[in-house]
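Heads up, the thing below is written out as structure tokens.
Numbering (UniProt numbering), first residue to last: 1 to 413.
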């Protein structure tokens, strides 16, 4: 992104590990100037400041506050980044908007979609940029898969699944308190619902499930969601990803599983599998890093997929997703996709396999965070720009998470 922006004076409210990550990741951007940090302990605030100074050693020392409300009332701050626990998101973002600040919220943005929607209306009234830090769609592999699905480069999608196995969070952490976190789907799952809605369409039916351990913690949750293909979210300010089918009667069942059960030294795993009429798409990594495609495709389909993947940057950069989007909008808008097989003699197909990997997980995580912040900067500069991930998206993702929490549960112990 090449926008002529002044540095924005930013205050980070909440001084946990994610705040330290953001301070370091955004420090390299000329648009970002860390002005203040709020955290309950000196140690936490110093970790955030150390991450920033590691990459910006010649800057003035940011101010420190113990309370987020003190930081929000600082008149020298333009943008407030809220990285507090979720139960504080709604009240603190409302205060920040009333104080005339632009706001970037850590997900989910509120414990309920109604509260987030109320603050979205307030942001419009206050003429302030307001966004939720949902970053996965800024990844170029996620963007490439969306174009493949929309243009049926492997035929119609019939089923998909998301399996996310993460390290266990320490007992007693606010993560396990649903009054503070909202539960796994709300605190964590909204990232993946944002992807699912844009890949497969809006949800038509939802069932959520959980297993409650003897401790009372719900470490495993899963949901079955029926997405309606053809109701894909259309970004009016972005290149239109028209579907190859105009049907509104195609449904895609998608299973979403999240388990915070892995021991500390065990490898975490996140994996999407998308099953299509002519093959499958596999995307791996919480920060997506490996894309695998296999199928029986026509020569034209194979060429289109190769051309799309060839344009994906393999080194971290904040505009990687934008680069893929711009190319695909120009080159795939009139793609000739092959019909699904009805007879082996109708079309000539070849075996297709391809893997694309993005090295440097940390670098890509930082690039995605930078892209989200730069998108907020563009929202500040252009009131007509609502972002790649809009507030309507964030509200819809949170509403879906609410619907998944919980239809049925089983008690252990």
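Here a beta-carbon is modelled for each residue, glycine too, at the ideal position from N, C-alpha and C.
Bounding residues of the beta strand (DSSP E) (the contiguous stretch that carries residue i)
i, result
"residue 205", "202-212"
"residue 287", "Here residue 287 belongs to no beta strand (DSSP E), and DSSP marks it neither H nor E."
"residue 271", "269-276"
"residue 299", "First-last for residue 299: 299-310, but that is the alpha helix (DSSP H), not the beta strand (DSSP E)."
"residue 252", "250-262"
"residue 224", "218-229"
"residue 356", "350-357"
Residue i vs residue j beta-carbon contact at 9 Å
i, j, result
"residue 80", "residue 61", "no"
"residue 143", "residue 321", "yes"
"residue 141", "residue 305", "no"
"residue 12", "residue 71", "yes"
"residue 194", "residue 226", "no"
"residue 101", "residue 128", "yes"
"residue 151", "residue 332", "yes"
"residue 110", "residue 65", "no"
"residue 264", "residue 168", "yes"
"residue 255", "residue 391", "no"
"residue 133", "residue 369", "yes"
"residue 398", "residue 108", "yes"
"residue 252", "residue 200", "yes"
"residue 21", "residue 365", "yes"
"residue 115", "residue 90", "yes"
"residue 293", "residue 311", "no"
Residue i, buried or exposed, once every other Cβ within 10 Å from all chains shown has been counted against 16
i, result
"residue 238", "With a pLDDT of 48 at residue 238, under the threshold of 50, the modelled position of that residue is not reliable, and no figure is offered here."
"residue 23", "buried"
"residue 171", "exposed"
"residue 402", "buried"
"residue 413", "exposed"
"residue 336", "The pLDDT assigned to residue 336 is 47, lower than 50, so where the model puts this residue is not dependable; a value taken from the coordinates is nonetheless given after this. The residue in question, residue 336, is exposed, as its Cβ has fewer than 16 Cβ neighbours within 10 Å."
"residue 379", "buried"
"residue 258", "buried"
"residue 267", "exposed"
"residue 4", "Low confidence applies here, because residue 4 scores a pLDDT of 43, under 50, leaving its location unreliable; read the following figure in that light. Under this definition residue 4 is an exposed residue."
"residue 303", "exposed"
"residue 404", "buried"
"residue 188", "buried"
"residue 43", "exposed"
"residue 41", "exposed"
"residue 185", "buried"
"residue 19", "buried"
"residue 348", "exposed"
"residue 465", "Outside the shown range of the chain (1 to 413) lies residue 465, about which nothing can therefore be said."
Reference residue i; option with closest CA among the options
i, options, result
"residue 28", "11, 7, 147 and 41", "7"
"residue 386", "398, 397 and 372", "372"
"residue 216", "176, 208 and 198", "176"
"residue 138", "96, 192 and 355", "192"
"residue 396", "40, 113, 9 and 214", "113"
"residue 314", "290, 297, 52 and 377", "290"
"residue 124", "384, 393, 400 and 394", "384"
"residue 297", "116, 148, 181 and 213", "148"
"residue 76", "9, 108, 121 and 89", "9"
"residue 78", "316, 130 and 394", "130"
Cutoff 9 Å: residue i Cβ touching any chain B Cβ
i, result
"residue 62", "Protein chains in the displayed structure number just one, and chain B is not present."
Extent of the continuous alpha helix (DSSP H) run through residue i
i, result
"residue 327", "320-331"
"residue 380", "361-381"
"residue 408", "First-last for residue 408: 408-411, but that is the beta strand (DSSP E), not the alpha helix (DSSP H)."
"residue 395", "391-403"
4-residue-minimum alpha helix (DSSP H) runs that sit fully inside the region 20-104, ordered along the chain: 42-53, 68-72 and 89-98
Return the chain-ordered ranges of every beta strand (DSSP E) run that is complete within the region 106-194 and spans a minimum of 3 residues. 130-132 and 157-167
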